[in-house]
Amino acid sequence: MIMGAYFKDLFGGFWSLIVGLAITIKYFFQPVVTLQYPHESLKMTPRFRGHIDLVADPGTGEPLCIVCGMCQRSCPSGCISLKGEKPEGAKKKVLTAYTLDFTRCSLCGLCVESCNFGAIDFSKEYNLAGPSREAYVFDLLKRLKDRRSNADADA
Amino acid sequence: MSELALSPNQETFVLNLGPQHPATHGVLRVKLVMDGEYIVSAEPVLGYIHRMHEKMGENRTWAQFMPNTGRLDYLGALSYNHGYVKAVERAAGIEVPERAEYIRVITVELNRIASHLLWFGAFVLDLGGFTPLLYAFDDREMILDLLESVTGARLTFCYFRFGGVYNDIDDDFVTGTREFIKRLRKRLPDYHNLVTKNIIMIKRLKDVGVISAEMCRKYGATGPVARGSGIDYDVRRSEPYSVYPEFDFDIPVYHEGDSMARYMVRMDEIEQSMRIVEQALDRLPDGPVKAEKVPKIIKPAPGDYYSVVEAARGTFGVRLVSDGTNTPYRLKLRSPTFSNLSLFGEAARGMLLADALALMGSLDLVIPEIDR
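As they're listed, the protein sequences go chains P and C.
Quick note on numbering: numbering that gives the first Met the number 0 labels position 42 of the first sequence as 41, and the sequence is numbered without any gaps.
Quick note on numbering: numbering that gives the first Met the number 0 labels position 239 of the second sequence as 238, and the sequence is numbered without any gaps.
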């Protein structure tokens, strides 16, 4: 009896290995699912949350931000700092500096949610690599101007 | 259990497992007193990545703690989001719309499947099998893509909000989830043929690392660890929350208490989670995904609040003490893996080192959640 159990165990075990091998061989002949990254890259979904970016007024091209500071106050890690001034005779404050310290950002989205004017949005950029820590302190106002001049150059 | 390990007059030596060890999946150090290949005593040393999450909670507003919850257990972040928002909603008396509750259940269960799939791959990798990891990651990738399309993140989700969720799900997500479930149903038999029925796997796991129900109770172990030892306890059933009572699903319980039982509990849970997601998608109601009357600055009435959810690894509890201001007075997190790891010292006594690593893998440890 013990002898029988021994051989049953032996052949049962051997069979389980054959079944496993059959599965791996089956997948060997199936199409490759890996994306060949540097040569092709994924397009981010519309809801992808990258770092934040300023939204421009489609009419004037100026930022929609009115410098209320809600985003700055809602940020858990204090990575947003902004400055604005009120020019002579103007009704609203004008944004003069908007800095994002991306090293401290945890991409929670509380700033975008707290903005009542739709003035900030998530960028779709995910290829972020830099040589230094300073490379991640983004001047969002400058980014907005660059985008605008790029768009002008294209047009 | 070996005679050798139990005789105290033998010469022993101390072996450091970790803090950087491939089988501990994080910065966990276990001090092992060894007698040859046998473990005489094991003592987990914690605190290498302690980040003071509880103290951080006391220094920021209720809403600002949200991103922290996703960084406790990064593999099941949505359950932790859920645990925290549920506690604050209870404290502040915020009603959640039904559609939001359904979306919460769908995303949490998808996250649970993703967590179990990653555990499956990593656990088999610990035991020396590399191929299943690649298949499990292939399936997990689909869930991450689905969740990315609604939450905007892939790992450290910050999706739930007090009184609802960040944004609504769309038709693409619904059809994508249905397709994914169909696909995973076809893949699971492959997993079982490749791994569960594999002779090496069975010999490594069966009757190895037996944890008794008593030991689970003693150390407060929950989740698949307790259910693998015959304790029929799941918060979704024993203290129902959200819309879970409306769904028909089983709680897998195995009575053997060995590593194989814990493995089987998690594999069965994947199937049950798929059932829940399917039912939730069928019955998904229309309506808002965010309560309308949520105040911008939340100030719960002074008091002591506690609420629990079933995370992928066990019971996750949040205790809040509010003094009526806009920051918590005290925020205590009860994380399941801490209790699950605590029994390792007793359970590993007298085991072979290689078997103890299989036992440790079957506990499904996520270190940032232990250290918080």
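Cβ coordinates follow ideal geometry from the N, Cα and C atoms, glycine included.
Whether residue i touches residue j by CB criterion (9 angstroms)
i	j	result
P:Thr95	P:Ile79	no
C:Val29	C:Val39	no
C:Ile199	C:Gly128	yes
C:Asn67	C:His49	no
C:Pro327	C:Leu71	no
C:Ser241	C:Val104	yes
C:Asp138	C:Arg265	no
C:Pro244	C:Arg98	no
C:Leu74	C:Val320	no
C:Phe343	P:Pro75	no
C:Leu77	C:Leu183	no
C:Gly151	P:Phe101	no
C:Glu36	C:Leu351	yes
P:Leu139	P:Leu53	yes
C:Met259	C:Lys196	no
P:Ser122	P:Gly49	yes
C:Arg371	C:Leu332	yes
C:Arg348	C:Ala41	yes
C:Phe159	C:His81	yes
Cβ of residue i within 9 angstroms of any chain P Cβ
i	result
C:Ser1	Summary for C:Ser1: the model assigns pLDDT 49, below 50, so the residue's position carries little reliability; its value from the coordinates is reported in the next sentence. By this cut-off, C:Ser1 is not an interface position.
C:Pro66	yes
C:Leu193	yes
C:Asp363	no
C:Ile198	yes
C:Asn15	no
C:Val308	no
C:Asp257	no
C:Gly162	no
C:Thr176	no
C:Arg59	yes
C:Asp125	no
C:Val149	yes
C:Arg70	yes
C:Asp206	no
C:Tyr73	no
C:Asn166	yes
C:Thr130	yes
C:Tyr79	no
C:Asp170	no
Closer than 9 angstroms to chain C by CB, residue i
i	result
P:Cys70	no
P:Tyr135	no
P:Ser105	yes
P:Thr44	yes
P:Phe13	yes
P:Glu39	no
P:Ile22	yes
P:Cys74	yes
P:Leu127	no
P:Gly108	yes
P:Val54	no
Neighbourhood of residue i by C-beta, 7 angstroms cutoff - its chain only, sequence neighbours within 5 removed
i	result
C:Ile102	Val164, Ile168 and Val288
P:Gly129	Tyr135
C:Val252	Arg226, Gly229 and Asp231
C:Gly219	Ser338
C:Tyr79	Thr68, Gly69, Leu71, Asp72, Ala310 and Phe315
P:Cys70	Ile79, Cys110, Ser113, Cys114 and Ile119
C:Gly323	Lys298, Ala300 and Pro301
C:Val293	Ile93, Phe161 and Gly162
C:Ala290	Ile93, Glu94, Val95, Pro96, Gly162 and Gly163
C:Arg261	Pro223, Val224, Gly227 and Ser361
Neighbourhood of residue i by C-beta, 6 angstroms cutoff - its chain only, sequence neighbours within 5 removed
i	result
C:Ser272	Glu108, Arg111 and Ile112
C:Ile275	Glu108, Phe246 and Phe248
C:Ala212	Ser228, Gly229 and Ile230
C:Phe122	Gly360
C:Thr221	Gly313, Thr314 and Pro335
Within chain B, the residues that residue i reaches when beta carbons sit closer than 8 angstroms
i	result
P:Thr102	The structure shown has no chain B; the protein chains it does contain are P and C.
Contacts around residue i, its chain only, beta-carbon distance under 8 angstroms, and the 5 residues preceding and following it disregarded
i	result
C:Leu187	Met266, Ile269 and Glu270
P:Arg142	Asp52 and Leu53
P:Lys205	Since the displayed chain P opens at 0 and closes at 154, residue 205 of chain P lies outside it and no answer follows.
C:Thr60	Ile296, Ile297, Asn325 and Thr326
Practice item. Taking 8 angstroms as the threshold, find out whether the region 295-311 of chain C comes into contact with the region 218-236 of chain C through three or more Cβ pairs. Key: Yes, they touch.
Review point. Touch check for the region 351-371 of chain C and the region 81-95 of chain C: three-plus C-beta pairs under 8 angstroms?
Key: no
Practice item. Indicate whether the contact test is met: 3 or more Cβ pairs, each with one atom in the region 108-120 of chain P and one in the region 19-31 of chain P, closer than 8 angstroms. Key: no
Check your understanding: Looking at C-beta atoms only, is the number of pairs between the region 89-97 of chain C and the region 289-298 of chain C that lie closer than 8 angstroms three or more?
Key -> yes
Check your understanding: Does the count of Cβ pairs from the region 49-69 of chain P and the region 79-92 of chain P closer than 8 angstroms reach three?
Key -> yes
Point to revise | Every unbroken alpha helix (DSSP H) inside the region 249-303 of chain C [4 residues or more] | key: 258-282
Point to revise | 4 or more residues per run - each alpha helix (DSSP H) lying fully within the region 50-138 of chain P | key: Note on the region 50-138 of chain P: whole alpha helix (DSSP H) runs with a minimum of 4 residues are 69-73 and 109-113, in chain order.
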